[in-house]
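**Q** If you count by full-length UniProt numbering, then the sequence shown holds residues 1 to 272, one letter each, in order.
Where is the CB? At the ideal position from N, CA and C, for every residue including glycine.
Note that the structure is predicted; figures quoted are calculated from it, not measured.
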Amino acid sequence: MADNGDIFGPNGTETRGFREFLHATCAAGQAGATQAYNLPDITKMQSFGITSFLSPGDQWESWHATITTMLASNRLHNVIDWSKPKPEPRDVNAQRWFDASLKVKAWLLNCVNWELIREVEARGKPIDFAHEFMRELCVVVNGEGNAAMQKAYFAVERCRRNHFKTVTKYLTEMRRRLRTALDLGVPITPWMVWIKILDELSKIPSLDSDLAFYRHDMNVREIPTDLTLMEVSGYMTTLNRVVVNRGLDKVKVVNKRRSNPEFWKEDALEKY
């Protein structure tokens, strides 16, 4: 992957290395596609302290964010990510994943109210590993059926940049809400959310030229609506790095500024 100097020119603008960086970021995401990616040796780690307790009526998103952050600090967050597959038995890291998943699940059981645990068990779905437990817990907390799907849909639809202190927090929360919506069966695609994000951030005048690269990438794809959650996550990661490098992480969108009408035109890229 190209280094930062190859990707960003003066004032953080992208150079010819930007597209290579974009594709390399997505490729890196594919390389770490299973839950076994970059796990520590769990046998050498001490037990975790309980940092957040989930009770009936609590907000799933905030609790999940706290737990994920805590696990990420120990490189264990992948084992609760049910959007990623388990490693194959022949995977060199399969045993390490097995040990880590069981230990994290045992720790999670101490972070959840017993009534919620009982509801999870009553569903009768497999919950042997950490990601299975978290997936079923998500359904129990958020509910099922039309009401739960509506709630998840509007959580995505109403998510705005100005609701958060930074672009980084906005993108992180949007990714989390999208995954929750997909897990509940909401008929929304990662492509729809990615287009929404680009449109929302196009209201930041200083980002017009940067976002044109992403708009162009969508236009040249044969079937852009086939974008996967992993691909969109890779785009978000790359875009977030652009924003941070340009010093725009804390810049708010201009509320009175409508989406740039030229932004989605095919020839708009010629301006930049």
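What residue range is occupied by the uninterrupted alpha helix (DSSP H) comprising residue 331?
**A** Not covered by the structure: residue 331. The range shown for the chain is 1 to 272.
**Q** Look at the alpha carbon of A130 and the alpha carbon of A148, and state the distance between them as a whole number of angstroms.
**A** Approximately 23 Å between the Cα atoms of the pair.
**Q** Going by Cα to Cα distance, which pick from T225, V186, S206 and G234 is closest to T172?
**A** Of the listed residues, the one whose Cα sits closest to T172 is G234.
**Q** With a cut-off of 8 Å on the beta carbons, I'd call R75 and L39 a contact; round off their distance for me.
**A** R75 to L39, Cβ: 6 Å. Contact.
**Q** Assess contact between the stretch 201-214 and the stretch 238-252, defined as three or more Cβ pairs (one per stretch) separated by less than 8 Å. Is contact present?
**A** Short answer: they touch.
**Q** Measuring straight from C-alpha to C-alpha, what distance separates K203 and A155?
**A** Near 20 Å, if we compare the C-alpha coordinates of A155 and K203.
**Q** Going by Cα to Cα distance, which pick from P56, D128, Q59 and N240 is closest to R161?
**A** It is N240.
**Q** Sorted by chain position, which residues of the same chain lie with C-beta nearer than 7 Å to G185's C-beta, five sequence neighbours on each side aside?
**A** Counting only Cβ-Cβ distances below 7 Å, and skipping sequence neighbours, we find M149.
**Q** In or out: K105 buried (at least 16 other Cβ within 10 Å) or exposed?
**A** By the neighbour-count rule (16 or more Cβ atoms within 10 Å), K105 is buried.
**Q** Compare the C-alpha of T69 against each of W97, K169 and V140 and name the closest.
**A** Checked all of W97, K169 and V140; the closest Cα to T69 is K169.
**Q** Pull up the distance between the alpha-carbon of L201 and that of V253, whole angstroms please.
**A** Those two C-alpha atoms are separated by around 7 Å.
**Q** Taking the alpha carbon of D217 as the point to measure from, which residue in G143, S52 and V232 has its own alpha carbon closest?
**A** The shortest C-alpha separation from D217 is found at V232.
**Q** For L229, which residues of its own chain have a beta-carbon under 8 Å away from its beta-carbon, when the five flanking residues on both sides are left out?
**A** For L229, where only same-chain residues beyond five positions count, the Cβ hits under 8 Å are S83, L178, R179, L182 and P190.
**Q** Rounded to a whole number of angstroms, what is the C-alpha to C-alpha distance between N219 and V167?
**A** Going from the Cα of N219 to the Cα of V167 covers about 24 Å.
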